[in-house]
Structure formats: structure tokens, C-alpha cells
Amino acid sequence: MAVVAFQGELGAYGDEAVRARFGPSVEPYPCKSFQDLFEAVASGKVDYGLAPVENSQAGSINEVYDLLRRYDLYVAGEILHPVNHALMALPGQSLADIRRVISHPQALAQCDRFLRELGVEVVATYDTAGSAKMIREQNLTGVAAVAGLGAAERYGLEVLAESIQTIRDNVTRFVQLQRAPAPREEGPQKTMLFLALAHQPGSLYQALGALARRNINLLKLESRPARNQPWEYVFYLDFEGHRDDEPVREALAELAQYANYVKVLGSFRRAVPSSYS
């Protein structure tokens, strides 16, 4: 049985994604923080980790991108997991009773319109399901959590409203982390890499040109502050193709000429939108 780390409490979206990715026989391993998740994989406490990197509404999860740079782990796959937020509270509470709503910052951001109209105090916590658990354990009245329906069932809360996310088609992309590269699977391929460039005119243009000249489709470009120099940045790239494909091999070799540092985070089967529709 595979043991898979995720951030949050049992019943969180990470827990749901672990079960969707690995099947019902998996053993989910809850972690308090994203760093704890990465450390659990790197230390061998667990077989794999599943970490969210972006949400279709709220955007990238910067802490996870920074941890991808720090830890010597491989991205071995991904899953697009639908997110359906619900508002939940202790049984007997109504919407009119709610004065405060707690949840993970990403979940709160994804429900911003509903929460503004509700006119309540919004307080960020470390986890969606953890917020539901807190309400149950501390018997908090006048407080509701934003979490998935599974959290309401697990912690015995009453659902006051469903599908409260601002954008109905709300999806989070999780990446699978492990200590060795993934064997190649059939199907469309994606490569993720980390890139540090010289701080000079044209460096990013040259790097992206290595992909464009080989007709490699760039899927995502993410910048993050460099750790060693203020106001300089490093880049994360997602593009189509596997590192063993000849055009990608050539592009990586050319990138190495322009970059101060290149690290391939992983090549793996790409998840496409039809997998969650």
C-alpha cells in the first residue's frame, strides 16, 4: 500500500486528490505544512507526495514553487482535481447566525464574491478541512468553514451553502512528488523545469527562443524572486514534450548555454482537461 503525503487534515482537497490519484487502497499521510509534505517525501517517511501548484481561479501557489527549488525531488505526474467549496457550521446554525468564516487563504480567495455578500469577518487558517475540524473540536458557534463536502461529513457539520466558489469550474492542479524520476508513460507529455538566467537584456528572450525554434509549446511561465539577490528573478517553465524527445533534448542543451542554472523537475504524462470534466 502506497503512503502519500498531502498538506492538511483528512477530508481536505489534498486528501481527495490523493485518493483520486492513487485509488482507495492508498494510505493518506496528513502534513501540517507544505514544507512538512516535502520533508516527508525527501526523508523517506512516505512513498510519494501530492502538492498543489496552481488553481484555475486563484493562480499559483508560490510556496510550493519555492519548495520545488529547495528540495531534490522529482515531479512524476499531475492530477487536475475539481474543487467544490461549501460553507459548513455546527448543526442547528443558519446563515444568519454566522459572523466569521475560516479557511485556507486560497479557498477564501476562491469564494470572495459569496463571502463579501455574506458580510462576515474572514479569517485565514492553515487548511480547509482543518477549519471544519476546529469548529467541531472547539464547538464554535457563529463560525463557519469553507471546505469540501467530505470535510462536513467527516467532522459532523451541517452544510449551509454549496458551490460557493466565484467561478464554478474551479480546478486545482496537484503534482506528484517522489525521490526518483518517473518512467515514461504513453500519452501526451509535459516537462517542468527551473531556470536561473543572467540578469541582462535578452536573456529570457534567448531562453524561450530555444523552445520556439523547435516548435515546443510553452504551457506556463512562472517567475519567483531569486533568493540571493533582491529584485532578480528565477523562472519555472512547463512545456509540451518529454526530456527524452529529440527536440526537447536539443532545447535543454541550448538552454544550458544561456542559463546560469537549469534543473529539470520532471517529465511525465500530462493531465488534460477532459480528465476532470
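Counting the sequence shown from 1 gives a position; my numbering is that position plus 396.
Where is the CB? At the ideal position from N, CA and C, for every residue including glycine.
Three-state secondary structure (DSSP) of residue i
| i | result |
| --- | --- |
| V437 | helix |
| K616 | strand |
| Q489 | coil |
| A667 | coil |
| R415 | helix |
| S673 | Note that S673 scores 39 on pLDDT, short of 50, meaning its location in the model is unreliable and no value can be drawn from it. |
| A622 | coil |
| G410 | helix |
| L469 | coil |
| A505 | helix |
| V399 | strand |
| Y657 | strand |
| Q431 | helix |
| H477 | strand |
| A454 | coil |
| G538 | coil |
| Q572 | strand |
Short Cβ contact (8 Å threshold) for residue i with residue j
| i | j | result |
| --- | --- | --- |
| V518 | L504 | yes |
| A606 | L651 | yes |
| V449 | R564 | no |
| G407 | G546 | yes |
| Q453 | S429 | no |
| A557 | A482 | yes |
| A540 | V497 | yes |
| A438 | C427 | no |
| V471 | L573 | yes |
| V567 | H638 | no |
| A543 | T524 | yes |
| K433 | A447 | The sequence as given places Leu at residue 433; Lys does not occur at that position. Yes, these two residues count as a Cβ contact at 8 Å. |
| Q506 | N458 | no |
| A413 | I475 | yes |
| Y632 | Y461 | yes |
Cβ-heavy atom distance, residue i to the ligand SAH, below 7 Å
| i | result |
| --- | --- |
| P584 | Of the ligands one can find in the structure shown there are none, so the ligand SAH has no counterpart to examine. |
Reference residue i; option with closest CA among the options
| i | options | result |
| --- | --- | --- |
| D443 | L469, L464, V449 | L469 |
| G552 | E533, T562, I563, S559 | E533 |
| E405 | R417, A416, Y425, L476 | Y425 |
| P597 | N535, L614, A655 | A655 |
| H500 | H477, A520, D493 | A520 |
| V422 | L600, A438, V400, F631 | V400 |
| N624 | E618, H595, N451, Q502 | H595 |
| D411 | I494, R550, G488 | R550 |
| E582 | I494, S663, F418 | S663 |
Beta-carbon separation (whole angstroms), residue i vs residue j, contact threshold 8 Å
| i | j | result |
| --- | --- | --- |
| V658 | T587 | With 8 Å as the limit, V658 and T587 do not qualify as a contact, their Cβ atoms being about 11 Å apart. |
| I560 | F510 | 4 Å |
| G473 | R665 | 6 Å |
| L589 | V668 | Incorrect: roughly 20 Å between the Cβ atoms, too far for contact. |
| L463 | Q431 | 6 Å |
N-terminal and C-terminal residue of the beta strand (DSSP E) that residue i is part of
| i | result |
| --- | --- |
| Y444 | 444-451 |
| L406 | From DSSP, L406 is part of no beta strand (DSSP E); its letter is neither H nor E. |
| S499 | 496-499 |
| K586 | 585-593 |
| E636 | 629-636 |
| A520 | 517-520 |
| E581 | Run containing E581: none; DSSP gives neither H nor E here. |
| P420 | Run containing P420: none; DSSP gives neither H nor E here. |
Limits of the unbroken alpha helix (DSSP H) element including residue i
| i | result |
| --- | --- |
| E642 | 642-654 |
| R564 | From DSSP, R564 is part of no alpha helix (DSSP H); its letter is neither H nor E. |
| M530 | 524-534 |
| D462 | 458-466 |
| Q602 | 599-608 |
| E513 | 508-514 |
| L545 | 545-551 |
Residue-chain proximity (residue i, chain B), Cβ-Cβ < 8 Å
| i | result |
| --- | --- |
| S663 | The displayed structure is made up of one protein chain only, and chain B is not part of it. |
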